[in-house]
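K.L.:
Can you read through this structure? Questions will come right after.
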Amino acid sequence: MNDYAISVENLTKFYNDFSALNNISFRIKRGDFFGIIGPNGAGKTTILKILYSVVIPSAGSIDILGLSPTNDSKKIKSRLGVVPQDDNLDEDLSVFENLIIYSMYFGINKKESFRRVSELLDFFNIAEKKDSKVINLSGGYRRRLLLARALINSPDIIILDEPTIGLDPEYRLNIWNKLKLLNKSGITILMSTHYMDEAEKLFRNVILLNHGKIVLNGSMDYILNKNNNENINGASNNMAYKKEDVYNNNKGLKSLEEIFMDIVKNENFKSN
Numbered sequence: 001m002n003d004y005a006i007s008v009e010n011l012t013k014f015y016n017d018f019s020a021l022n023n024i025s026f027r028i029k030r031g032d033f034f035g036i037i038g039p040n041g042a043g044k045t046t047i048l049k050i051l052y053s054v055v056i057p058s059a060g061s062i063d064i065l066g067l068s069p070t071n072d073s074k075k076i077k078s079r080l081g082v083v084p085q086d087d088n089l090d091e092d093l094s095v096f097e098n099l100i101i102y103s104m105y106f107g108i109n110k111k112e113s114f115r116r117v118s119e120l121l122d123f124f125n126i127a128e129k130k131d132s133k134v135i136n137l138s139g140g141y142r143r144r145l146l147l148a149r150a151l152i153n154s155p156d157i158i159i160l161d162e163p164t165i166g167l168d169p170e171y172r173l174n175i176w177n178k179l180k181l182l183n184k185s186g187i188t189i190l191m192s193t194h195y196m197d198e199a200e201k202l203f204r205n206v207i208l209l210n211h212g213k214i215v216l217n218g219s220m221d222y223i224l225n226k227n228n229n230e231n232i233n234g235a236s237n238n239m240a241y242k243k244e245d246v247y248n249n250n251k252g253l254k255s256l257e258e259i260f261m262d263i264v265k266n267e268n269f270k271s272n
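Using full-length UniProt numbering, the first residue of the sequence shown is number 1, and each one after it goes up by one.
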């Protein structure tokens with residue numbers, strides 16, 4: 001078994017003449033909390049959709065848990081949990097029914113399915129809503145249900161596409177802490193976000209995308225230290241976040257957003 005959960009080499013995607021991704025390469029170690037950040041249209045969602053076999057790449061190679069998406073798509077899907085950016089829950093069903101029906105896609109037997117659903121409802125603090133129809137849930141509850149659904153098959157890797165978009169700080173905080181616990185348990189997490197404070201708090205390693213190209217690839221500590229010339233301790237892998245962490249940043253230091261904007265301006269200047 002190699003050390004990498006995901007290896008991507010020279011990944012390229014064209015839509016007619018438009019280059020959505022241009023020779024993207026990165027590797028994610030097993031157990032990592034890895035982030036993809038960048039402005040809208042940078043290619044974040046395209047990468048994630050290729051990894052969970054919704055979009056077919058134009059070129060490049062991908063290895064997921066030692067398997068090839070081309071030949072082993074079904075095996076890979078059985079070991080992935082996916083939280084898409086778009087809410088695709090069945091609104092006419094209850095919270096409980098959404099999870100039970102989803103478990104059937106993985107061939108989980110009834111007894112195990114009920115046990116797993118009960119466990120996930122408790123973990124994400126949505127047990128009191130189990131009989132509520134999804135259409136009546138708030139955005140925060142729906143996001144937590146999507147996360148619970150992604151874990152129904154006990155995946156080795158979770159892929160999340162901007163899972164906290166549109167949520168208020170309280171709900172974002174709740175999801176941050178749950179994701180940290182999941183990662184601490186050994187699950188590899190790959191997540192995209194456009195919230196730079198979120199990236200600083202959660203990711204250990206990150207790629208920054210602009211116009212379908214990687215403009216920076218490294219550990220979060222390295223990126224922040226390199227650009228601030230100071231020893232900044234990155235997000236602790238063991239701490240739980242408090243409400244003020246959703247708002248606060250390192251005073252007097254460049255934030256990840258400022259660093260990224262500097263890089264993007266530089267890249268755009270070079271290309272003109």
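From the three backbone atoms N, C-alpha and C, an ideal C-beta is built for every residue, glycine too.
1. Unbroken alpha helix (DSSP H) runs of length 4 or more, entirely within the stretch 99-167: which are they?
2. Leaving out five residues on either side along the sequence, give the residues of the same chain with a beta carbon under 6 Å from the beta carbon of Asp17.
3. Could you pull out every residue in the same chain whose Cβ sits closer than 7 Å to the Cβ of Ser19, ignoring the five residues on either side in sequence?
4. CA-CA distance, Met196 and Ile37?
5. Measuring straight from C-alpha to C-alpha, what distance separates residue 273 and Phe26?
6. Should residue 315 and Ile76 be called a contact, given that it needs their Cβ atoms to be closer than 7 Å?
7. When DSSP labels each residue in this structure, what does residue 291 get in the three-state scheme?
8. Starting from the Cα of Lys13, find the closest Cα among Leu99, Thr46, Arg144, Lys29 and give me that residue.
9. Going by Cα to Cα distance, which pick from Ser132, Ala199, Glu170, Ile207 is closest to Leu93?
10. Taking C-beta to C-beta, are Gly140 and Leu182 nearer than 7 Å?
11. Could you give the DSSP three-state label for Ile64: helix, strand or coil?
12. Start and end of the beta strand (DSSP E) containing Asn183?
13. For Asn225, does the three-state DSSP call read helix, strand or coil?
14. How many Å lie between Phe123 and Ile207 at the Cα?
15. For Thr12, name the three-state secondary structure that DSSP assigns.
16. Measuring CA to CA, which of Asn88, Phe114, Asp87, Leu179 is closest to Gly35?
17. How far does the alpha helix (DSSP H) with Ile50 in it extend, from its first residue to its last?
P.N.:
Put simply:
1. 110-123, 139-150
2. Correct list: empty, nothing qualifies.
3. Excluding residues within five positions, the ones whose Cβ falls inside 7 Å are Gly212.
4. 8 Å
5. With the chain covering only 1 through 272, there is no way to say anything about residue 273.
6. The chain is shown only over 1 to 272; residue 315 falls outside these bounds and no answer can be derived.
7. In the structure displayed, the chain extends from 1 to 272; residue 291 sits before or after that span and is not available.
8. Thr46
9. Ser132
10. no
11. strand
12. Looking at the DSSP string, Asn183 is not in any beta strand (DSSP E); the run it does join, the alpha helix (DSSP H), is 169-184.
13. helix
14. Roughly 30 Å between the two C-alpha positions.
15. strand
16. Leu179
17. 44-51
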